[in-house]
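Numbering (the UniProt record's numbering), first residue to last: 1 to 290.
Put into structure tokens, the structure is as follows:
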């Protein structure tokens, strides 16, 4: 359980950093790319014994790490497009509702436990995610021509979580968690550098110190959010469907509370209802695992 709490804390710090990006006009793409290399470095030098990384491409989990690195960048860019076309609330709902994919995969593919409390908790969690994400009384609206983008964000985010569970279960040893996590970020960072090179040739690249600092501030908690999540998935006594549900809903809850305290965010009635449902869903899912 401690790993789950640490993953939630790390993800909440990511939320705070992203909010500060807006305040200090940080270029999100550049900061994201720097963040991947910082996260990779934290893993390589903080959690890996030895310095010989030449065997990494031979590891059975390496193709999966490459795929996840690509998905990290792809989903980020899809989220940016969705934000431009449909707004932040749509992105928030698509990203957080994606928890349904790993939860369903855990139940049907890994034969994880189900029960009235757990099913009710999961349903309440999905309702909580939606209600806490919308920022207007009217809810969210998406033009039919733009529907493909949030759908891709939903699928991409869900596939990332599901793949983490699959690779962690089938290929990644306990001693390789740090190396596995770092390899994902290294792949994402390399793809990001290619994007920056293209921008440079197009004359659109302008790197500043605050973008680099923003990347450093994001990279450290970002690494730990993945590392601790993988470690939480290895915990005995908790199914992955339970871990993913509690992780996503706890992040929503803590991020919302931090938004109120630090950034003076104003919540509408639907947000408060969602917050209450989030707390209730955590209690139900946690008790179902006991």
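All C-beta atoms in this analysis are idealised placements derived from N, C-alpha and C, irrespective of residue type, glycine included.
8 Å contact criterion, which residue i and residue j should meet: CB distance rounded
| i | j | result |
| --- | --- | --- |
| residue 134 | residue 86 | Wrong, their Cβ atoms sit about 12 Å apart, outside the cutoff. |
| residue 277 | residue 128 | 4 Å |
| residue 254 | residue 8 | 6 Å |
| residue 93 | residue 244 | Actually they are not in contact, since the Cβ atoms of residue 93 and residue 244 sit about 17 Å apart, beyond 8 Å. |
| residue 165 | residue 106 | 7 Å |
| residue 280 | residue 124 | 6 Å |
| residue 222 | residue 35 | 6 Å |
| residue 250 | residue 282 | 6 Å |
| residue 235 | residue 3 | 6 Å |
| residue 177 | residue 246 | That belief does not hold up - the Cβ atoms of residue 177 and residue 246 are roughly 20 Å apart, past 8 Å. |
| residue 233 | residue 241 | About 11 Å separates the two Cβ atoms, so there is no contact after all. |
| residue 73 | residue 191 | 5 Å |
Selected residue, minimal CA-CA separation from residue i, among the options
| i | options | result |
| --- | --- | --- |
| residue 131 | 256, 119 and 84 | 256 |
| residue 84 | 149, 181, 281 and 176 | 149 |
| residue 136 | 272, 286 and 285 | 272 |
| residue 170 | 24, 110 and 27 | 110 |
| residue 21 | 218, 1 and 93 | 218 |
| residue 56 | 162, 79 and 180 | 180 |
| residue 64 | 75, 163 and 19 | 163 |
| residue 248 | 145, 161, 146 and 18 | 161 |
| residue 19 | 238, 269, 122 and 260 | 260 |
| residue 16 | 200, 265, 54 and 141 | 265 |
| residue 238 | 285, 268, 207 and 258 | 285 |
| residue 145 | 158, 81 and 189 | 81 |
| residue 147 | 78, 220 and 25 | 78 |
| residue 43 | 204, 195, 175 and 115 | 175 |
| residue 141 | 114, 91 and 119 | 91 |
| residue 292 | 195, 268 and 204 | Absent from the structure is residue 292, since the part of the chain shown begins at 1 and ends at 290. |
| residue 220 | 269, 45 and 205 | 45 |
| residue 27 | 252, 189 and 205 | 205 |
Distance cut-off 7 Å: residue i Cβ against heavy atoms of the ligand NAD
| i | result |
| --- | --- |
| residue 272 | The ligand content of the structure shown is nil, which means the ligand NAD is not present either. |
Chain C contact for residue i (CB, 8 Å cutoff)
| i | result |
| --- | --- |
| residue 181 | Absence of chain C from the displayed structure is noted, only one protein chain being present. |
Problem set entry | Cβ contact (3+ pairs, closer than 8 Å) linking the stretch 143–159 and the stretch 96–106 | yes
Exercise. Touching or not, the stretch 55–68 and the stretch 12–24, by the rule of three or more beta carbon pairs under 8 Å?
Worked result: no
Exercise. Taking contact to mean at least 3 C-beta pairs separated by less than 8 Å, is the stretch 35–42 in contact with the stretch 219–238?
Worked result: yes
Problem set entry | Segment contact flag, the stretch 63–77 with the stretch 172–191, C-beta cutoff 8 Å, min 3 pairs | yes
Exercise. Is the stretch 208–215 close to the stretch 28–37, with three or more CB pairs under 8 Å?
Worked result: yes
Exercise. Could you give the uninterrupted runs of the alpha helix (DSSP H) lying entirely in the stretch 72–114, keeping only those of 4 residues or more?
Worked result: 88–97 and 100–109
For this session: For the stretch 233–276, list the alpha helix (DSSP H) runs that are entirely contained and at least 4 residues long, ordered along the chain.
Result: 240–263
Problem set entry | Length-filtered (4 minimum) alpha helix (DSSP H) runs lying within the stretch 147–199 | 148–170
Problem set entry | Inside the stretch 5–61 only - beta strand (DSSP E) runs reaching at least 3 residues | none
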